[in-house]
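Participant: Sharing a structure below in structure tokens format, with a few things to ask.
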Ligand code: SAM
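In the working numbering, the protein residues as written are 664 to 898.
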């Protein structure tokens, strides 16, 4: 059986009991980076055969893993951090199992997007996850425009090198929209910084951002509701 195993996004204490059990029961661990996952296995005092499974060999490896699953092997799938298939390899293998009628299960566990959403304090009743914001400024602008027009909260993965550019774009597109930068989640310097785009531009100009980042944008409906309430309170 295939078990999709989320792994910590920065704090080794976040390995769940079921993740540990699934890795211990695996005949083979398919890993995005075998060296990286080897360290996790070492931390868990486990020694398992590792097989690389990354974006460049996903197609070939999927066929190979299907064969092993058909033969009755226990396969655990991990990525470097967080939940496989979320801006990471994995969806192809799950889809192949589903289509082939092979048994699989997915363990719940760490995921930066969901952790960031909850910690942002933004409306979590409906949300959109956009993965990594595009590198090209035109496409990035289009993504951010769609985010400010959307009714749900938008969540993106973002690089520290491009965060300021995105915040500046948001300051132009929707200056009164709440934004949250969720940085280094579960790590020593974890930070949730909420504010209007220009406030965050000022902050991150003075303190250049480092580490891993999620960028969240308040949805249009929640912003309108918040502004209405503020106007009522001020009247
Ligand atoms: N599959 C992973 C998950 O479930 O979150 C995401 C993998 S994606 C390749 C890596 C990106 O996720 C990072 O560049 C960053 O945007 C975000 N990320 C991962 N860990 C994070 C953390 N501890 N704090 C904030 N963002 C994080």
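The beta-carbon is built from N, C-alpha and C at its ideal position, and this holds for glycine as well.
Source: prediction; values computed, not measured.
Do residue 688 and residue 737 have their C-beta atoms within less than 8 Å of each other?
Facilitator: yes
Participant: Secondary structure at residue 796, three-state DSSP: helix, strand or coil?
Facilitator: coil
Participant: At a cut-off of 7 Å, is residue 750 close to the ligand SAM when judged by its beta-carbon and the heavy atoms of the ligand?
Facilitator: yes
Participant: Is it right to say residue 784 is buried, meaning 16 or more other beta carbons lie within 10 angstroms of its own, or is it exposed?
Facilitator: exposed
Participant: Could you pull out every residue in the same chain whose Cβ sits closer than 7 Å to the Cβ of residue 749, ignoring the five residues on either side in sequence?
Facilitator: 774, 776
Participant: Pairs of beta-carbons, one from the region 867-882 and one from the region 816-826, closer than 8 Å: are there three or more?
Facilitator: Taking a contact to require three or more Cβ pairs closer than 8 Å, the region 867-882 and the region 816-826 qualify as touching.
Participant: For residue 700 and residue 758, what's the separation of their Cα atoms in angstroms?
Facilitator: 23 Å
Participant: Where residue 893 and residue 886 are concerned, what is the direct C-alpha to C-alpha distance, given to the nearest angstrom?
Facilitator: A direct Cα-Cα distance of roughly 10 Å separates residue 893 from residue 886.
Participant: Work out the CA separation of residue 861 and residue 685 for me, nearest whole Å.
Facilitator: 46 Å
Participant: Please indicate yes or no: does the CB of residue 818 lie closer than 7 Å to some heavy atom of the ligand SAM?
Facilitator: no
Participant: Beta-carbon separation of residue 831 and residue 876 under 8 Å?
Facilitator: no
Participant: Please report the distance separating the alpha-carbon of residue 742 from that of residue 695.
Facilitator: 5 Å
Participant: By DSSP, does residue 679 sit in helix, in strand, or in coil?
Facilitator: coil
Participant: Can you name the residues that DSSP bridges to residue 821?
Facilitator: 876
Participant: Measure the beta-carbon distance from residue 874 to residue 786 and round it to whole angstroms, keeping in mind my assumption that it falls under 8 Å.
Facilitator: Not quite, the Cβ-Cβ distance comes to about 26 Å (not below 8 Å), so this is no contact.
Participant: Taking Cβ positions, are residue 816 and residue 739 nearer each other than 8 Å?
Facilitator: no
Participant: Per the contact definition of three or more C-beta pairs closer than 8 Å, is the region 670-679 in contact with the region 765-774?
Facilitator: yes
Participant: Taking Cβ positions, are residue 704 and residue 710 nearer each other than 8 Å?
Facilitator: yes
Participant: Which residues does DSSP list as the beta-bridge partners of residue 715?
Facilitator: In DSSP, residue 715 forms a bridge with 694.
Participant: Hey, could you find the ends of the beta strand (DSSP E) residue 666 is sitting in?
Facilitator: Unbroken beta strand (DSSP E) run through residue 666: 665-667.
Participant: Based on the DSSP secondary-structure assignment, which residues constitute the bridge partners of residue 739?
Facilitator: 666, 692
Participant: Identify, in the order they occur along the chain, each residue of the same chain with its Cβ nearer than 7 Å to the Cβ of residue 780, setting aside the five sequence neighbours on each side.
Facilitator: 787, 790, 816, 818, 879
Participant: Could you pull the start and end residues of the alpha helix (DSSP H) that residue 764 belongs to?
Facilitator: No alpha helix (DSSP H) contains residue 764, which DSSP labels as neither H nor E.
Participant: Flag residue 843 as yes when its Cβ comes closer than 7 Å to any non-hydrogen atom of the ligand SAM, and as no otherwise.
Facilitator: no
Participant: Less than 8 Å between the C-beta atoms of residue 901 and residue 836, yes or no?
Facilitator: Residue 901 is absent from the model: the chain starts at 664 and stops at 898.
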